[in-house]
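J.: Got a structure for you, questions after.
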Amino acid sequence: MHSFACIRALGLATLKGGLRDRLIQSLLLAGLFFLLSTLVFSSFSMRQPLEVAINYSLATVQILAILVTLFLGLNLLSREIETRAGYLLMGQPISRTVYLLGKFYGLCLLNFLIVAFFGLCAALSLPLVKIGLTNAPSIAWGNFFVAQLGILGISLLLGAVTLLFTALATSAVLPFLMTVGVWFIGQSTEAVKNYLEAGLTAQPMPPALKWLVTVAYYLFPNLSLFDFKVYAIYGLTIPPLLAGYALIYGLVYMVILLLLAATLFQKRDMT
Amino acid sequence: MKRLLLGFGATGMLAWLIASYASLGGRAVAPLRFPSYPPVWALQAMSLGNKELASTLIFYNAQFYFGEKYAWRRETPEYQRLFVALDKATDLDPRNMDCYYFAQGLFSDIKPAIPVLNRLLQKGMRYRPNDWYLPFFLSANYYFQLKDPVTAAHYLQRAAALTPNSSLFASLSARMLYQGNQTDAAISYLEAFIKETNNPGVRQMLFKRLEALVAIQYLERAVAAFAKEHGHPPQSLTELIRFGIIKKIPADPYGGTFELDATGRVVTTSKLVEAWKNHDKRNQNQQAQ
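If you read the protein sequences in the order shown, they are chains A and B. Be aware that the first sequence starts at -15, since it is given in our numbering, and climbs by one per residue. Be aware that the second sequence starts at -2, since it is given in our numbering, and climbs by one per residue.
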């Protein structure tokens, strides 16, 4: 069987497994509930209910997409290797790299479906919020779409991180916890680095801490690069350079993570 | 059967507890304190890429706290903490209009808070340059609390430039400039504004204010000429006629009378405000027609 066909078949199997997963189904239901609550949440706003609705729905989609990535990584990748269920496949004439890439392809498909589904639900809820509002601004649908792509970028990068840790770790929970750590660090390094560089701290920061933050900033994926929510909320113009940079950064980072994961997985002792 | 009875009993108990909670009033309610939030960088880090949502949540918390503390418990809210929270919320999302609107509502009556409130609103203006509310709020704070009509007029001019139906702002800012001894600036501003106004009714209103300001400018120049000639300002405006500087005192289009106040400034008894009497007359005329 050709490698690409194997990746495709494995990806579709992962997608089906993901859709059958009870945990993912529960998350999807919870997500729908949260998106329905947009109407209630935005009604407390004094001056900008539509902006609050966009903000809330995009944040909900982002959190759900990341949670699905994390739990999918735990259930479909790490646990499969831990319980040796994947050994059946690896016994077939396919390389470990193809197995890993197939899993990642499935993760990408599922993430794409989830972001598209929630994005559509969010998009449907926004015109409902707009009913009855006088002088409500128009929704910047293009920016809303770009913000969804940014969310997809974050969840795919975290998916690649899960894959790397799965290739490294022997326990199923460890990659999950480590990916959560990368998510926390990746979302906050830019804010912390900017804060330290602005010199706003009451006490001078130890050089070691500054060095640590700088290392974390360059080593961990900068997930705030993919945050286009503010452009969607307030209808601001997205700088094309920033969007292009985020796209290239995301692709390059993902390729590096997949290469590392494939190399480590290849060398891993599975016995 | 036992389970059913237990279920009914527990449900009844719960209903009684819920019903009796309201009768407890404030006696069994824990004290309500507003939280002190961590620094902005920590809030941003903790929001995990959702700093706009974090900003909204802080605003909601402030709003609900104020509602419960002030309206329900009838206690004095912790205003300083509220301000710090709204300041942090606008650091997280400087475009969050809810925070500015709420802050103006809370603090515009507290005179010591006006300088910090104005700084908050100026932050909003940097990020929401097309929102007329912010310069309008600043104008009100400078005019009513800081008694600075000139700065108030400048902010009102900015508000007027941002709203399509801005004739009232234009007229008000011209009045503020006059009150700040800037009659020439007020006239120039109104003239420029009238040029861009097409609505005949609005133009009529603005022309009336312009007419009053031109009359004041005329009298101010006459007072200055008198002071230059005699070495002291006139005692009254009639002195200007007596010494031949002007032939007559112009009429105030608002129905008042021009005079000099204790500081020698030209003022009018109408204060450039449409009199209630005139409105009544107009209404009566309209009804008669």
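Glycine is no exception: its CB is placed at the ideal position from the N, C-alpha and C atoms. Everything numeric in this text was worked out from a predicted model, so none of it was measured.
Cβ of A/Gln187 less than 8 angstroms from any chain B Cβ?
T.: One-based indexing of the first sequence puts residue 187 of chain A at position 203. A/Gln187 does not count as touching chain B.
J.: Say whether the segment 30 to 49 of chain A touches the segment 6 to 19 of chain A, bearing in mind that this needs 3 or more beta-carbon pairs closer than 8 angstroms, one atom from each stretch.
T.: yes
J.: Between which residues of its own chain and B/Ser44 is the CB-CB distance below 8 angstroms, once the five residues before and five after are set aside?
T.: In the second sequence, the residue the question calls residue 44 of chain B occupies position 47. Here the set comprises Leu50, Ala51 and Leu89.
J.: Going by C-alpha distance, which of B/Tyr97, B/Ile111 and B/Leu143 is nearest B/Tyr124?
T.: Translated into the one-based positions of the second sequence, residue 124 of chain B becomes position 127. Ranked by Cα distance from B/Tyr124, the options B/Tyr97, B/Ile111 and B/Leu143 are led by B/Tyr97.
J.: List in chain order: all unbroken alpha helix (DSSP H) runs of 4+ residues lying wholly within the segment 6 to 45 of chain A.
T.: 6 to 20 and 22 to 26
J.: In whole angstroms, what separates the C-alpha of B/Leu257 from that of B/Arg200?
T.: Working through the second sequence from its first residue, we reach residue 257 of chain B at position 260. Working through the second sequence from its first residue, we reach residue 200 of chain B at position 203. So the alpha carbons of these two residues sit roughly 29 angstroms apart.
J.: Given A/Leu7, which residues of its chain have a CB within under 6 angstroms of its CB, disregarding the five upstream and five downstream residues?
T.: Position 23 of the first sequence, counting from 1, holds the residue named residue 7 of chain A. Excluding residues within five positions, the ones whose Cβ falls inside 6 angstroms are Phe55.
J.: Quick check: the segment 119 to 135 of chain B against the segment 67 to 76 of chain B, are at least 3 beta-carbon pairs closer than 8 angstroms?
T.: The segment 67 to 76 of chain B is not in contact with the segment 119 to 135 of chain B.
J.: Alpha carbon to alpha carbon, how far is B/Met173 from B/Thr235? Give it in angstroms, no decimals.
T.: In the second sequence, the residue the question calls residue 235 of chain B occupies position 238. In the second sequence, the residue the question calls residue 173 of chain B occupies position 176. Using only the alpha carbons, I get a separation of about 26 angstroms.
J.: If we count the other Cβ atoms within 10 Å of its Cβ and call it buried at 16 or more, is B/Leu2 buried or exposed?
T.: By one-based count along the second sequence, residue 2 of chain B stands at place 5. By the neighbour-count rule (16 or more Cβ atoms within 10 Å), B/Leu2 is not buried but exposed.
J.: With three or more beta-carbon pairs closer than 8 angstroms as the criterion, would you say the segment 134 to 147 of chain A touches the segment 158 to 169 of chain A?
T.: Counting Cβ pairs under 8 angstroms, three or more are found: they touch.
J.: Is it right to say B/Ser170 is buried, meaning 16 or more other beta carbons lie within 10 angstroms of its own, or is it exposed?
T.: On the second sequence, residue 170 of chain B is found 173 positions in, with the first residue counted as 1. Buried, since its Cβ has 16 or more Cβ neighbours within 10 Å.
J.: How is A/Phe204 classed by DSSP in three states: helix, strand or coil?
T.: Position 220 of the first sequence, counted from the first residue, corresponds to residue 204 of chain A. Note: A/Phe204 maps to coil in three-state DSSP.
J.: Just to confirm before moving on: does the CB-CB distance between B/Gly46 and A/Gln32 stay below 8 angstroms?
T.: Position 49 of the second sequence holds residue 46 of chain B. Position 48 of the first sequence holds residue 32 of chain A. Not closer than 8 angstroms, so no.
J.: Indicate whether at least one CB of chain A lies closer than 8 angstroms to the CB of B/Gln142.
T.: For the purposes of this step, residue 142 of chain B is taken as residue 145 along the second sequence, with counting starting at 1. Against chain A, the CB of B/Gln142 has no partner CB under 8 angstroms away; the residue lies outside that interface.
J.: Please work out which residues of its chain come closer than 8 angstroms, Cβ to Cβ, to B/Thr180, disregarding the five sequence neighbours upstream and downstream, and give them in chain order.
T.: The residue you call residue 180 of chain B lines up with position 183 of the second sequence. Excluding positions up to five away in sequence, the list reads Leu174, Leu210, Ile213, Gln214 and Glu217.
J.: Quick check: the segment 217 to 233 of chain A against the segment 122 to 132 of chain A, are at least 3 beta-carbon pairs closer than 8 angstroms?
T.: These segments touch.
J.: B/Lys85 and B/Leu40 look like a contact to me (Cβ under 8 angstroms); what is the Cβ gap, rounded to whole Å?
T.: If you number the second sequence from 1, residue 85 of chain B lands on position 88. If you number the second sequence from 1, residue 40 of chain B lands on position 43. That belief holds up - the Cβ atoms of B/Lys85 and B/Leu40 are roughly 6 angstroms apart, short of 8 angstroms.
J.: Please check the pair B/Ala42 and A/Val176, which I expect to be a contact at CB under 8 angstroms, by giving their CB distance rounded to whole angstroms.
T.: Here residue 42 of chain B refers to the residue found at position 45 when the second sequence is read from its first residue. Here residue 176 of chain A refers to the residue found at position 192 when the first sequence is read from its first residue. Contact holds; Cβ gap of about 6 angstroms.
J.: Using a Cβ cut-off of 7 angstroms, pull out every chain B residue sitting near A/Met162, in sequence order please.
T.: Taking the first sequence and counting its residues from 1, one reaches residue 162 of chain A at position 178. What A/Met162 touches in chain B: nothing, since even the nearest Cβ is about 16 angstroms away.
J.: Could you name the residues that DSSP lists as bridge partners for B/Thr265?
T.: In the second sequence, counting from the first residue as 1, residue 265 of chain B sits at position 268. DSSP output for B/Thr265 lists B/Phe255 as bridge partner(s).
J.: Residues in its own chain within less than 6 angstroms of A/Val36 by CB, not counting five upstream and five downstream?
T.: Mapped onto the first sequence, residue 36 of chain A falls at position 52. The residues Ser26 and Ser29, in chain order, have a CB closer than 6 angstroms to that of A/Val36 in the same chain once the five nearest residues on each side in sequence are set aside.
J.: 8 angstroms is my cut-off, CB to CB: does A/Lys213 come that close to chain B?
T.: Within the first sequence, residue 213 of chain A is the residue found at index 229, counting from 1. At a cut-off of 8 angstroms between beta-carbon atoms, A/Lys213 makes contact with chain B.
J.: Determine the DSSP secondary structure at A/Ser172, reduced to helix, strand or coil.
T.: Numbered from 1 along the first sequence, position 188 holds the residue referred to as residue 172 of chain A. Note: A/Ser172 maps to helix in three-state DSSP.
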